[in-house]
Amino acid sequence: AQRVTQPEKLLSVFKGAPVELKCNYSYSGSPELFWYVQYSRQRLQLLLRHISRESIKGFTADLNKGETSFHLKKPFAQEEDSAMYYCAGQGNAGGTSYGKLTFGQGTILTVHP
Amino acid sequence: DAGITQSPRHKVTETGTPVTLRCHQTENHRYMYWYRQDPGHGLRLIHYSYGVKDTDKGEVSDGYSVSRSKTEDFLLTLESATSSQTSVYFCAISEFPSGSYEQYFGPGTRLTVT
Numbered sequence: 001a002q003r004v005t006q007p008e009k010l011l012s013v014f015k016g017a018p019v020e021l022k023c024n025y026s027y028s029g030s031p032e033l034f035w036y037v038q039y040s041r042q043r044l045q046l047l048l049r050h051i052s053r054e055s056i057k058g059f060t061a062d063l064n065k066g067e068t069s070f071h072l073k074k075p076f077a078q079e080e081d082s083a084m085y086y087c088a089g090q091g092n093a094g095g096t097s098y099g100k101l102t103f104g105q106g107t108i109l110t111v112h113p
Numbered sequence: 001d002a003g004i005t006q007s008p009r010h011k012v013t014e015t016g017t018p019v020t021l022r023c024h025q026t027e028n029h030r031y032m033y034w035y036r037q038d039p040g041h042g043l044r045l046i047h048y049s050y051g052v053k054d055t056d057k058g059e060v061s062d063g064y065s066v067s068r069s070k071t072e073d074f075l076l077t078l079e080s081a082t083s084s085q086t087s088v089y090f091c092a093i094s095e096f097p098s099g100s101y102e103q104y105f106g107p108g109t110r111l112t113v114t
């Protein structure tokens, strides 16, 4: 089965420090990968998708096929970045996937003032 | 936000009672999903639908059933609620297969089973 792993349940940094949220996947081929963010008691919203290669709210994520990683990075964390972050990937490598996503366990990021 | 609503937003119920959660979308997307969110487990797929009256099980489907009689509504039923089903439930929709795998989420329903 396809897996998405986020090894850190909690991550704390101070404002202005760099932050990296780790994500590893176990897909073959060229998976579609995403980062979702959930602010306190709000719905999940898409932060980044690897195919668009864009920077949102200062966050970037690079797909490293050799290391099967899709880590989320920001050079200078802000207090408003405090949230739950989920890494997600397509549910099946091929065949009929029905658009399913597999989510990691999530990482709670806290940015201290 | 994509046009997705969930009702009720909060519910407290007793063990053994049936509960139905509703997801409503105005995007006319074919694919819909129900997840539960629990600390330490992330989001886990309960059931999904790939069309009207077309549904299938996800990874944690025991104790849950779903129905989809029209494109815009996807119902999740807890047949006999248990305390282990206390959770936050999210509905999601997807443009798949015409679009990417990106999913759009509803606001969630916080369910407490006492």
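In the order they appear, the protein sequences are chains A and B.
Everything in the first sequence is counted per my numbering, starting at 1 for the first residue and increasing by one.
Everything in the second sequence is counted per my numbering, starting at 1 for the first residue and increasing by one.
Each residue gets a CB set at the ideal place from its N, CA and C atoms; glycine is no exception.
Remember, predicted model here, so these are calculated numbers, not experimental data.
One question on the structure: do residue i and residue j come within less than 8 Å of each other, judged by their Cβ atoms?
i	j	result
B/TYR89	B/LEU21	yes
B/GLU118	B/PRO39	It is not possible to answer for residue 118 of chain B, since the shown part of chain B is limited to 1 through 114.
A/PHE59	A/CYS23	no
B/SER94	B/HIS29	yes
A/TYR36	A/GLN42	no
B/THR82	B/THR15	yes
A/LEU11	A/LEU33	no
How should residue i be labelled, buried or exposed, when 16 other C-beta atoms within 10 angstroms of its C-beta is the threshold for buried?
i	result
B/ARG9	exposed
A/THR102	buried
A/LEU72	buried
B/GLY106	buried
B/SER84	exposed
A/GLY16	exposed
A/THR107	buried
A/PRO31	buried
B/ASP62	exposed
A/VAL111	buried
A/TYR86	buried
Any idea what DSSP makes of residue i, helix, strand or coil?
i	result
A/SER26	coil
B/SER84	helix
A/ASP62	coil
B/ASP62	coil
A/GLU20	strand
Any Cβ of chain B within less than 8 Å of the Cβ of residue i?
i	result
A/LEU48	no
Am I right that residue i and residue j are in contact with their C-beta atoms under 8 Å? What's the rounded C-beta distance?
i	j	result
B/THR55	B/ARG68	6 Å
A/LEU180	A/ALA83	It is not possible to answer for residue 180 of chain A, since the shown part of chain A is limited to 1 through 113.
Can you find a CB in chain A that lies within less than 8 Å of the CB of residue i?
i	result
B/SER61	no
B/LEU43	yes
B/TYR8	In the sequence on display, residue 8 of chain B carries Pro and not Tyr. No - not a single Cβ of chain A is within 8 Å of the one on B/PRO8.
B/PHE74	no
B/GLU102	yes
B/SER65	no
B/PRO107	yes
B/SER94	yes
B/TYR31	yes
B/GLY3	no
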